[in-house]
Amino acid sequence: MQKHMQTRHFLTLNDLSADELNIIIQRAIELKKIRSEVRLHKTLEGKVLGMIFEKSSTRTRVSFEAGIAQLGGSGLFLSSNDTQLGRGEPIEDSARVISSMVDIVMIRTYAHQSIQTFAEYSKVPIINALSDDYHPCQLLADIQTYTEHRGNPQGKTVVWVGDGNNMCHSYINAARLCDFTLHIACPKGYEPNAELMAANADRIRLFHNTEEAVKGADWVVTDTWASMGQEEEKKIREDAFAAFQVNEELMQLANKDAIFMHCLPAYRGLEISDTIMDSPCSVVWDEAENRLHAQKALMEFLLGAIT
Ligand code: CP
Ligand code: NVA
4 MQKHMQTRHF LTLNDLSADE LNIIIQRAIE LKKIRSEVRL HKTLEGKVLG
54 MIFEKSSTRT RVSFEAGIAQ LGGSGLFLSS NDTQLGRGEP IEDSARVISS
104 MVDIVMIRTY AHQSIQTFAE YSKVPIINAL SDDYHPCQLL ADIQTYTEHR
154 GNPQGKTVVW VGDGNNMCHS YINAARLCDF TLHIACPKGY EPNAELMAAN
204 ADRIRLFHNT EEAVKGADWV VTDTWASMGQ EEEKKIREDA FAAFQVNEEL
254 MQLANKDAIF MHCLPAYRGL EISDTIMDSP CSVVWDEAEN RLHAQKALME
304 FLLGAIT
């Protein structure tokens with residue numbers, strides 16, 4: 004059985020070195036400037052991006068589809084409902100077929116293992132556009148956003164408030180790659196993956212209250228309390244996370260110039276207070292826009308257009 008081990012994939016942030024991450028972030032910032040100046044940047048002319056979605060999306064779909072078009076290529080939206088993937092065609096077979104026809108593939112799905120299997124049998128680069136365990140594309144945008152607003156995150160204190168979910172796991176990976184300290188404030192029973200925490204114990208501190216965690220914060224981040232696939236737990240989670248809202252009182256305990264991020268979609272009045280998204284410390288709209296620029300840089304990187 005032929006496997007394609009040499010192709011570069013982006014399944015988690017650990018697929019990049021710190022230097023490579025820096026190249027992608029710098030290029031993302033450059034691509035943003037190029038676009039603002041309405042300059043052409045068709046570095047991926049004729050390339051086709053396959054976009055496999057098993058979960059909903061606004062930002063990820065729009066940023067990838069617009070991004071590949073702006074680079075001179077085209078995106079092919081593949082909903083699992085309308086492809087044979089949704090009817091049980093094995094991932095290995097789908098990967099071989101789809102990757103024989105397109106140049107790069109992004110996948111949003113449930114089990115992280117599905118993306119790993121797809122990558123193992125793919126001839127072309129695979130991008131994790133969110134799994135139950137990781138959301139590394141969002142971290143590219145978040146790191147770009149911090150860099151633009153405050154400079155290099157190295158040595159800073161980042162505070163994750165909320166569920167120990169896919170986003171939190173990617174922040175743990177980012178802490179190592181970017182060399183920052185990560186405070187995680189979550190209710191008991193909602194901690195991140197224990198193995199991942201143990202492997203990064205030297206740069207993580209776990210808290211079960213928000214006030215202690217947010218002291219000294221340069222960057223505060225949260226996410227929905229109920230991720231996609233956890234809809235039936237929504238009510239239980241609202242109770243469990245009631246004391247873990249990011250609001251004005253909490254942000255006042257952070258450093259004076261601390262900034263607030265949220266990958267969105269946000270649920271105002273739950274994980275964030277009604278007004279914080281539009282408060283001066285919030286950079287969530289830049290963060291959302293940066294998905295476009297960061298993923299364009301990522302696609303160029305994976306396809307060898309930048310090195
Ligand atoms: N942040 C993010 O991935 O948003 P979507 O679910 O809208 O793609
Ligand atoms: N943790 C959220 C992120 C959404 C972009 C989820 O997985 O639904």
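Note that this note's numbering has the sequence shown beginning at 4, numbered continuously upward.
Glycine included, C-beta positions come from ideal geometry on N, C-alpha and C.
Stretch-stretch touch, CB-based, cutoff 8 Å, three pairs: the region 149-160 with the region 114-132: Taking 8 Å as the limit for Cβ pairs, the verdict is that the region 114-132 does not touch the region 149-160.
Contact the region 228-243 vs the region 197-211: 3+ CB pairs below 8 Å: As far as the Cβ criterion goes, the region 228-243 does not touch the region 197-211, which means the pair count is below three.
Closest Cα partner of N84 within the set E57, Q119, S39 and S173: Of E57, Q119, S39 and S173, the residue nearest in Cα terms is E57.
Closer than 6 Å: C266 CB and nearest ligand 2 heavy atom: Yes, the beta carbon of C266 sits closer than 6 Å to at least one heavy atom of ligand 2.
Burial state of V162 (16 or more Cβ within 10 Å): It is buried - the Cβ of V162 has at least 16 other Cβ atoms within 10 Å.
T112 beta carbon near ligand 1 (any heavy atom closer than 6 Å): Taking 6 Å as the cut-off, one finds no heavy atom of ligand 1 near enough to the beta carbon of T112.
Residue nearest to T61 in terms of C-alpha spacing, selected from L34, A188, E292 and A122: Considering only alpha carbons, the answer is E292.
Exposure label - F183; buried when at least 16 CB within 10 Å: By the 10 Å Cβ count, F183 comes out buried.
Spatial neighbours of M4 in its chain, beta-carbon cut-off 7 Å, leaving aside the 5 residues before and after: The pLDDT assigned to M4 is 47, lower than 50, so where the model puts this residue is not dependable; a value taken from the coordinates is nonetheless given after this. In its own chain, leaving out the 5 sequence neighbours on each side, no residue places its CB closer than 7 Å to the CB of M4.
A188 (DSSP reduced to helix, strand or coil): The DSSP-derived three-state label of A188 is strand.
Runs of beta strand (DSSP E) wholly within the region 190-240 (minimum 3 residues, chain order): DSSP runs (the beta strand (DSSP E)) wholly in the region 190-240: 207-210 and 222-225.
beta-carbon R271 near ligand 1 non-hydrogen atom, thresh 6 Å: No - ligand 1 has no heavy atom lying nearer than 6 Å to the Cβ of R271.
Whether E290 touches A144 by CB criterion (7 Å): The answer is yes: Cβ separation under 7 Å.
beta-carbon S82 near ligand 1 non-hydrogen atom, thresh 6 Å: Look at S82: its beta carbon is at least 6 Å from all of the heavy atoms in ligand 1.
Under the three-state DSSP convention, the category H44 falls into: Coil, per DSSP.
Close-in-space but distant-in-sequence residues of the same chain around R64 (CB under 6 Å, 5 per side omitted): Annotation for R64: no residue places its beta carbon closer than 6 Å to its own, counting only its chain and skipping 5 residues before and after.
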